[in-house]
Amino acid sequence: MSNTDQVYPPSAEFAAQANATAEMYQRAKDDPNEFWAEQARQLSWDTPFSTVLDWSDAPFAKWFADGKLNVAVNCVDRHVDAGKGDRVAIHWIGEPGDTRDITYSQLKDEVSKAANYFTAIGLQTGDRVAIYMPMVPEAIITMLACARLGLTHSVVFAGFSSAALRARVDDAAAKVVVTTDGQYRRGEPAPLKAAVDEALGTGDDAAPSIEKVIVVRRTNHDPDLPWVDGRDVWWEDTVEESSPVHEPEAFDAEHPLFLLYTSGTTGSPKGIVHSSGGYLTQANYTFHNVFDHKEGRDVFWCTADIGWVTGHTYIVYGPLSAGATEIVYEGTPNSPDEHRHFNIIEKYGVTTYYTAPTLIRTFMKWGREIPGAHDLTSLRLLGTVGEPINPEAWRWYYDVIGGNRCPIVDTWWQTETGGHMLAPLPGVTTCTPGSAMGPLPGISAKIVDDNGNELPTGEQGYLVLDQPWPGMLRGIWGDPQRFKDTYWSRFAEQGWYFAGDGARYDENGALWVLGRVDDVMNVSGHRISTAEVESALVAHPAVAEAAVIGAADETTGQGIVAFVILMEHATPGDELIAEMRNQVAVDISPIAKPREINIVPELPKTRSGKIMRRLLKDVAEGRELGDTSTLVDPSVFEAIRSQRG
Ligand code: PRX
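Going by full-length UniProt numbering, the sequence shown opens with residue 1, and the numbers climb by one from there.
Here you go:
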């Protein structure tokens, strides 16, 4: 067997102590409803549910519909009530090196204060609250305070632009934005509230739904921070002054816990709606089994930002519902230097480390001496998420970070799925590097062709989820038709959810996710649509037309490559390219800036006028062109190639 065929069975030692067992697969298959009911019973319910799944109004699912619970109580109070109030919930580490340890008791007080203040300003169950914050404890406290009151939160990644924030505030008609004065960027304070002010506007242009902006003092960088009287309040003068005693109510399992906007194949981001009971069940179940969580012993670290679904499920709701102790780190991995993550692992005795393949590839570039300078023996389980991991990076992770000792869980899931869907079970599954292995117990997936026929081993097809699951999205905010069209129309006849990814099974039955088959790009695990970037580019006055593709990139998975046609009057040059890249940063986020912009005289189109992105991808990735027979004018490529040099 060559090195590349090597598989990794669990050690006997790990298997003997693992939470998950092989029999779970069969048990879940035999009676899925009973299996999920059993998982849901790990939570505390104020009113126990008597029904599990109601799929009669498919694709609008209801799980545990007649049960009532409070999500924040499940994440905080119940651990305090069980005598674990002194356990650290969050070891928080600020980028400049300041730290805070927050116990479950303290978290309960903080969440209660925020809940009392939110009630005092008139927020009511069902209202939406936007959260635009760096990774500070108050962001998590705000999310939990919303959950406690049945307010639906909408976290907007603090790296998004003010235009992106405004679109999300308006779409959700949020009444409040919680933010910070500034955020640290590699040791330097950078303004953040300024972006909120710009987003919310004034006078005729003011965001109509907004009543309050609550500001956490983080950087204290600006003695003249602009302030809108009546609208803006400091967290320290309001939330901090509120009572730490708050009596929670219970809400229906189907009550919308949060919205999270994500990119689709068309221009405007969609607000994915998640439920309370079903979502929390899946978060808790996967956290326990996929991360093999040992309460009171493990120190868990998910390196994602709360602006993405990974941060929602595996920084907030999964770990806290399980009573975990976790790391929350505010900054970047190379601030102040490339040792940062390894210092944290060493200092806090991190046992479980969950990150993105792009970061692993970055660590590889920095060199093994950096992790090699640290004692990483506290680690016992590693995880990856966000994009396919190449086998070479997998093996490096296993060897250099995991000391050839730690199982790796490659977890495939989406904003829409709420929690892990495909992943190995540590202690059970023999892993093939690069493969997410297969559906978890209780989850069902197929790989099919255009007509929904299952494909034989080795053939690439569409990944579909053919059975509902508790953490599934309940819709797109305000747009039930778009929900049906986007996810359920491709295989409407069969009633399957179309994930948008391509996949295949290998000869050992391992499932390989091959990336998106639609016009969604994946850059460093961030989901960005080609249409969004194109519309930002054409918003520049010099641009007549733009086509954007995701080209393979060694570090970031994919890199954004744009091809633009200029207006007659425009003057090409570096300055213009910089302006166009900036336009994308302003309209969306700096993370969406194209890696490369090519000014071209023409774009390859079919007779019906559709841009042939596949061919542009061939060009960007330096391949020979595929089939060009449906092109109107194949000679455009000569022109494109000569422009690229
Ligand atoms: O293409 C898949 C890829 O990320 C997409 C979902 O992106 P998002 O909603 O932003 O959620 C990311 C974090 C859950 C998927 O459609 N993806 C995610 N995890 C993996 C993956 N591709 C391959 N392997 C994975 N483990």
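Glycine is no exception: its CB is placed at the ideal position from the N, C-alpha and C atoms.
Cβ-heavy atom distance, Glu-387 to the ligand PRX, below 7 Å: At least one heavy atom of the ligand PRX is nearer than 7 Å to the Cβ of Glu-387, so yes.
Given Gly-182 as reference, the closest of Val-176, Pro-191, Ala-174, Lys-175 once Cα atoms are compared: Pro-191
Residue from Glu-621, Val-636, Gly-458, Gly-557 whose Cα sits closest to the Cα of Ile-565: It is Val-636.
Helix, strand or coil at Gln-414 [DSSP, three-state]: When secondary structure is reduced to three states using DSSP, Gln-414 falls in the coil class, being assigned neither helix nor strand.
Asn-522 Cβ short of 7 Å to the ligand PRX heavy atom set: yes
Burial state of Val-46, where buried means 16 or more other Cβ atoms lie within 10 Å: Looking at the sequence provided, one finds Asp at residue 46 rather than Val. Answer is exposed; the Cβ neighbour count stays below 16.
Exposure label - Asp-5; buried when at least 16 CB within 10 Å: With fewer than 16 Cβ atoms within 10 Å of its Cβ, Asp-5 is classed as exposed.
Beta-carbon contacts of Trp-469 that lie in its chain and below 6 Å, excluding the five residues immediately before and after: Ile-443
C-beta contact flag for Pro-604 and Leu-616 at 8 Å: yes
C-beta contact flag for Pro-248 and Thr-180 at 8 Å: no
Proximity winner among Glu-34, Ile-344, Cys-75, Leu-260, relative to Phe-64 (alpha-carbon distances): Glu-34
Touching by the beta-carbon criterion (3+ pairs, under 8 Å), the region 275-290 and the region 547-567: no
Where Ser-276 sits in the DSSP three-state scheme: Assigned with DSSP and collapsed to three states, Ser-276 falls in coil, not helix or strand.
Buried versus exposed call for Leu-463 [16 or more other C-beta atoms within 10 Å across all chains shown]: By the neighbour-count criterion, in which 16 or more other beta carbons inside 10 Å mark a residue as buried, Leu-463 falls on the buried side.
Strand pairing of Ser-154, partner residues [DSSP]: Ala-130, Leu-259
Same chain only: Cβ atoms within 6 Å of Gln-494, ignoring 5 sequence neighbours per side: Gly-452
Simplified DSSP assignment, three categories, for Trp-301: DSSP places Trp-301 in strand when its eight states are reduced to three.
Environment of Ile-141 [buried if 16+ CB atoms lie within 10 Å]: Flag for Ile-141 reads buried.
Coil, strand or helix - Ser-2 by DSSP: Per-residue confidence for Ser-2 stands at a pLDDT of 47, beneath the threshold of 50, marking its modelled position as unreliable; no derived number is given.
Meets three-Cβ-pair contact criterion under 8 Å: the region 90-98 and the region 500-509: no
Option nearest Lys-29 by Cα separation, candidates Pro-441, Arg-148, Thr-265, Ser-435: Pro-441
C-alpha distance - Ser-2 paired with Asn-508, whole-angstrom precision: Low local confidence applies: a pLDDT of 47 at Ser-2 is under 50, so the model's placement there is unreliable, with the coordinate-based value given in what follows. Answer to the nearest angstrom: the Cα atoms are 15 Å apart.
Pair within 8 Å by beta-carbon distance, Asn-522 and Gly-500: no
Spatial distance of Val-155 from Asp-627 (CA atoms): 43 Å
Residue closest to Ile-528, alpha-carbon to alpha-carbon, out of Tyr-25, Arg-297, Lys-270: Per the Cα distances, Lys-270.
In chain order, each beta strand (DSSP E) run of at least 3 residues that lies wholly inside the region 398-454: 408-411, 445-448
Under the three-state DSSP convention, the category residue 658 falls into: In the structure as shown, the chain starts at 1 and stops at 645, and residue 658 therefore has no counterpart that could be examined.
Proximity of Tyr-353 and Leu-320 at Cβ, strictly below 8 Å: Taking 8 Å as the cut-off, the beta carbon of Tyr-353 is found no closer than this to the beta carbon of Leu-320.
Per-residue burial, Ala-492 [other beta carbons within 10 Å of its own, 16 or more giving buried]: exposed
Under 8 Å between C-beta atoms of Ala-620 and Val-538: no
Stretch pair the region 99-112 + the region 121-128: three plus CB contacts closer than 8 Å: no
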